[in-house]
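**Student:** In the working numbering, the protein residues as written are 610 to 1609. Yeah, the Cβ is synthetic: ideal placement off N, Cα and C, and Gly gets one too. The structure under discussion is supplied below as structure tokens; questions concerning it will follow.
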């Protein structure tokens, strides 16, 4: 008789908690056809897809009950987040990938969220196609794998570079999984093959035929063994589970059917207990199986019914409640809930820790550095016990890079013939090199070094010596210059010290201290009046809601949204190039159907309201035409299909439209034919064609005086034109932008400066300031913002010199003040909204509530709403008109010239108006009263005598006890001397009589 080895986990059963232990009211995303699980978990947080697409919801793992609508999110991407994964070594480090072709890293707060996160910790990559999967390495730090289109890539996060790229897939990669020791990758592909990839050898190790069905499949490695699991569909469209042995990879060891549902099976595997959970997207059942390395290989344990769910994830082992027998916990993402499903092993008693069902598990400390892994090392993770009594067990030290690895990352080489002192000096020198000490004792070892990092230095004929210098614990003592490095002359040293703004000095083996040079001059810092601007959307009663079918095909060169004092216009999705024109005074919910539109006949590329005619709008299309529409005064009440007239002179699609800021009926347009045309709308003809561009024109901006315009081109050049004098550029500057992804340009500071938004080579968005008068290729100032694929759109308020910048899909509006002198660009407070926006526009000053110190008002366009955001400045004396905030402003709705006057060389400025209400006084007429000095100077202090001090003390004491210093008798009347004599004789007589009576 053969004895059967009975599993300890065979009778594990899910204990579905009551609803009050669920996470409810979750704003989860719709079920999409992507490779991700829609939910992931660390020992601290739960992250899940939300309905806003590019955002992720995050709640604490310990949270139960209702999730507030104000819960903060990660505003991760401009499009849907396809996959995300928590680092196995940092519970607060999250990697995300998206259909916007980017992958990012996010650092979550150690404590609970206090605000939404929109700035990533780092952008990992920006590819040409959507990234389907992202997965951290199980053993090595800073290694991450991604799957995009037909390729699988491995990145070194610290070095921010791609280490390996495998392109031998013939179709879309659907899943990837690391082996437990991190040596190999397994992938499943739409071409119905399963591949074993060795990234360090840059080769395909093995491959086999996968599932016969055409639906998505998943592959998963069973720990660090030789077995893999795959889920998919058969030829009969039934779901199935296969187990493969990579040593016999030509066919599966076993195939099990898993029902006929259409949902993609999500496999979740625990290598400690060999428990396999199968959760299908859209299912109401979750299956639990056990794997083993011999026949039958796969044993079905239980199938349990739960609420219909969209995604599933496995909680980490260190979050288990081991004293209740919980060996695993599956988190299910339902329509509006997150359901924790713990699997409990039944025992008679849970008073003691059951070590037989809780084997030692992997610790959260990496076993290798990225450089060690890339060089071929295979080091398994250390194990820790889940016994609560061993919480203080010694954790392994994280791996550290050697000197050679550090130098390799910093693009330098370490010479093996160096001495130990040279190695030490080389690593301390980037922090500080001290001058030679004339009183040196000639010691051969000038450093007192504490050891931390592992350093290997090999000399000929000597053994390898292990050193661990800790840079934060190095004390500089009698430092000598290496041979060949001469001491600087005293005067040069002083000049060099004066040029530095600060130098780092390491003291007492603790923290670096910043020491300012003695010769540095004191400089005052300019404080902007708008530094602490505030922006918050008005109440929902003033929103336009239920906006549907917003166009997603607007090119990046277009803002896709235009506003004036009465209306806003936005393109809609669908055929015909429809544009909705909405009245800003009509708040509330838009009708679901029957919204009147402007029908342009082809896709809309850009649109702009005429600043001098609130009823006219120009719309550019892909058919190289510009349609001019006139909207009825009472608003658009029916769909219009014929424009007032059309302009046709471009040979390719329109990119942007810009009206002249001063002259009526003058319009500039840019096209893909690399030309800019100036139109006379009164004559319905083109008056000037600006040449000289060699590539796509990103943007154009008119000078405030209307005499010239400037363009930003993909060929990295800025060109300045004076259309009335020449069709060729009068000035140009090269090498303005580093990245040709897109940008905007805007005249600021009265036309003396140019603000340019673009990308760096590292995909970082920034805003630069250039001198418009002496145009050169070097910026005066540059402010880096974040890493995002969306082009920064800019709005400029001329009165406050404030630049508002944001990108389509962002959740934050960034604000800057442009200045005519250094530092030229000053960062102001950010304006954060709920969710991502698709566009924004700036309303005229007359729409601002100056009594509330509102100096600007922005209309924010989201996917379904239009929200007004007043921008205010906090002030104390709000009862007065803040004339320093509100200078006379231009009447932007009144032209100063006709087209013919402008053509003849006129530059007449616009009329200005005063925004001061009649019932308010100017703040400048009521200055603050001078405050009395809190302290007296020494010359004003009078020295007191001892008698004065005594009287002052008595006076103080009397006032506190509420009594007078004088005695009662001091207030009585006096007695004359004769009376005192009579009283004295009488007293003597009485005394004598008393004595005689006593004798008798």
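Should the region 1193 to 1206 be regarded as contacting the region 1219 to 1229, the criterion being three or more beta carbon pairs within less than 8 Å?
**Tutor:** As far as the Cβ criterion goes, the region 1193 to 1206 does not touch the region 1219 to 1229, which means the pair count is below three.
**Student:** Tell me whether residue 915 sits in a helix, a strand or coil according to DSSP, three-state version.
**Tutor:** In this structure, residue 915 counts as coil in the three-state DSSP scheme.
**Student:** Which runs of the alpha helix (DSSP H), 4 residues or longer, sit entirely within the region 1452 to 1480?
**Tutor:** Complete alpha helix (DSSP H) runs here, min 4: none at all.
**Student:** Could you tell me whether the Cβ atoms of residue 952 and residue 616 are closer together than 8 Å?
**Tutor:** No.
**Student:** Using the Cα positions of residue 1443 and residue 1482, report the straight-line distance between them to the nearest angstrom.
**Tutor:** Their Cα atoms are separated by approximately 21 Å.
**Student:** DSSP on residue 1296, reduced to helix/strand/coil?
**Tutor:** Correct three-state label for residue 1296: strand.
**Student:** Does the region 735 to 754 touch the region 764 to 779, meaning 3 or more C-beta pairs lie closer than 8 Å?
**Tutor:** Cβ pair count under 8 Å is three or more, so yes.
**Student:** Using the Cβ count rule (16 or more neighbours within 10 Å means buried), how would you classify residue 1457?
**Tutor:** Counting Cβ neighbours within 10 Å, residue 1457 comes out buried, since at least 16 surround it.
**Student:** Curious, which full-length beta strand (DSSP E) runs of at least 3 residues does the region 1353 to 1417 contain?
**Tutor:** Those beta strand (DSSP E) runs which fall completely within the region 1353 to 1417 and span 3+ residues are 1353 to 1357, 1362 to 1368, 1373 to 1380, 1390 to 1396, 1401 to 1406 and 1411 to 1416.
**Student:** Determine the burial state of residue 657: buried for a count of at least 16 other Cβ atoms within 10 Å of its Cβ, exposed for fewer.
**Tutor:** By the neighbour-count rule (16 or more Cβ atoms within 10 Å), residue 657 is buried.
**Student:** Quick check on residue 1277: does DSSP put it in helix, strand or coil?
**Tutor:** Of the three classes helix, strand and coil, the one that applies to residue 1277 here is strand, per DSSP.
**Student:** Return the residue from the list 1293, 1305, 926 and 1290 that minimises the CA-CA distance to residue 1284.
**Tutor:** Considering only alpha carbons, the answer is 1305.
**Student:** Tell me which residues share the same chain as residue 691 and place their Cβ nearer than 7 Å to its Cβ, disregarding the 5 neighbours each side in the sequence.
**Tutor:** If we look at residue 691 and ignore the five residues flanking it on each side, its Cβ neighbours are 643, 644, 645, 706, 707, 708, 739, 740 and 741.
**Student:** In the DSSP assignment, what are the bridge partners of residue 815?
**Tutor:** DSSP lists 805 as partners of residue 815.
**Student:** Between which two residues does the alpha helix (DSSP H) containing residue 1510 stretch?
**Tutor:** Here the alpha helix (DSSP H) through residue 1510 covers 1508 to 1512.
**Student:** Contact defined as beta carbons within less than 8 Å: I believe residue 941 pairs with residue 878. What is the distance between those atoms, to the nearest angstrom?
**Tutor:** Not a contact, Cβ separation roughly 17 Å.
**Student:** Buried or exposed for residue 958, please, with buried defined as at least 16 other CB atoms from any protein chain shown within 10 angstroms of its CB.
**Tutor:** Classification of residue 958: exposed, given that the 10 Å Cβ count is below 16.
**Student:** Could you tell me the alpha carbon to alpha carbon distance between residue 1278 and residue 1289, rounded to whole angstroms?
**Tutor:** Residue 1278 and residue 1289: Cα-Cα distance of roughly 12 Å.
**Student:** Restricting to Cα atoms, I'd like to know which of 915, 847, 793 and 1399 is closest to residue 1163.
**Tutor:** Of the candidates 915, 847, 793 and 1399, the one whose C-alpha sits nearest the C-alpha of residue 1163 is 1399.
**Student:** Look up residue 732 in the DSSP assignment and say whether it is helix, strand or coil.
**Tutor:** Reduced to three states, the DSSP call for residue 732 is strand.
**Student:** Answer with buried or exposed for residue 980, where buried requires no fewer than 16 other C-beta atoms within 10 angstroms of its C-beta.
**Tutor:** Buried, by the Cβ-count rule.
**Student:** Closer than 7 Å by C-beta to residue 883: which residues in its own chain qualify, once you throw out the five before and the five after it? Chain order, please.
**Tutor:** Contacts found: 899, 900 and 901.
**Student:** By the 10 Å Cβ neighbour count, where 16 or more other Cβ atoms means buried, how is residue 1509 classified, buried or exposed?
**Tutor:** Looking at its Cβ environment, which holds fewer than 16 other Cβ atoms inside 10 Å, residue 1509 is exposed.
**Student:** Thinking residue 1325 and residue 1354 are a contact (beta carbons under 8 Å), I'd like their distance in whole angstroms, please.
**Tutor:** Wrong, their Cβ atoms sit about 12 Å apart, outside the cutoff.
**Student:** Assess contact between the region 720 to 732 and the region 1389 to 1406, defined as three or more Cβ pairs (one per stretch) separated by less than 8 Å. Is contact present?
**Tutor:** Counting Cβ pairs under 8 Å, three or more are found: they touch.
**Student:** Restricting to Cα atoms, I'd like to know which of 1238, 1243 and 826 is closest to residue 1255.
**Tutor:** With distances taken between Cα atoms, residue 1255 lies closest to 1238.
**Student:** Residue 1150 by DSSP, collapsed to three states: which one?
**Tutor:** Looking at residue 1150 - three-state DSSP - the assignment turns out to be helix.
**Student:** What ranges does the beta strand (DSSP E) occupy inside the region 638 to 709, keeping only unbroken runs of at least 3 residues that lie completely in it?
**Tutor:** Here the runs fully enclosed are 648 to 650, 654 to 658, 664 to 669, 682 to 684, 690 to 696 and 699 to 707.
**Student:** Name the DSSP bridge partner or partners of residue 1180?
**Tutor:** DSSP lists 1188 as partners of residue 1180.
**Student:** Is the beta carbon of residue 748 closer than 8 Å to that of residue 988?
**Tutor:** Contact flag set, yes.
**Student:** Considering only the beta carbon of each residue, do residue 676 and residue 625 sit closer than 8 Å?
**Tutor:** The answer is no: Cβ separation not under 8 Å.
**Student:** How long is the line joining the alpha carbons of residue 649 and residue 920, rounded to whole angstroms?
**Tutor:** Using only the alpha carbons, I get a separation of about 9 Å.
**Student:** So what does DSSP say about residue 856, is it helix, strand or coil?
**Tutor:** Coil at residue 856, not helix or strand.
**Student:** Please determine, among 875, 685 and 764, the residue with the shortest C-alpha to C-alpha distance to residue 839.
**Tutor:** Ranking the options by Cα distance to residue 839, first place goes to 875.
**Student:** Across which residues does DSSP place residue 738 in a beta bridge pair?
**Tutor:** Partner(s): none; residue 738 has no beta bridge.
**Student:** Is there contact here, the region 1170 to 1179 with the region 1318 to 1337, by at least three beta-carbon pairs under 8 Å?
**Tutor:** With a cut-off of 8 Å, the region 1318 to 1337 and the region 1170 to 1179 do not count as touching, because too few Cβ pairs lie within range.
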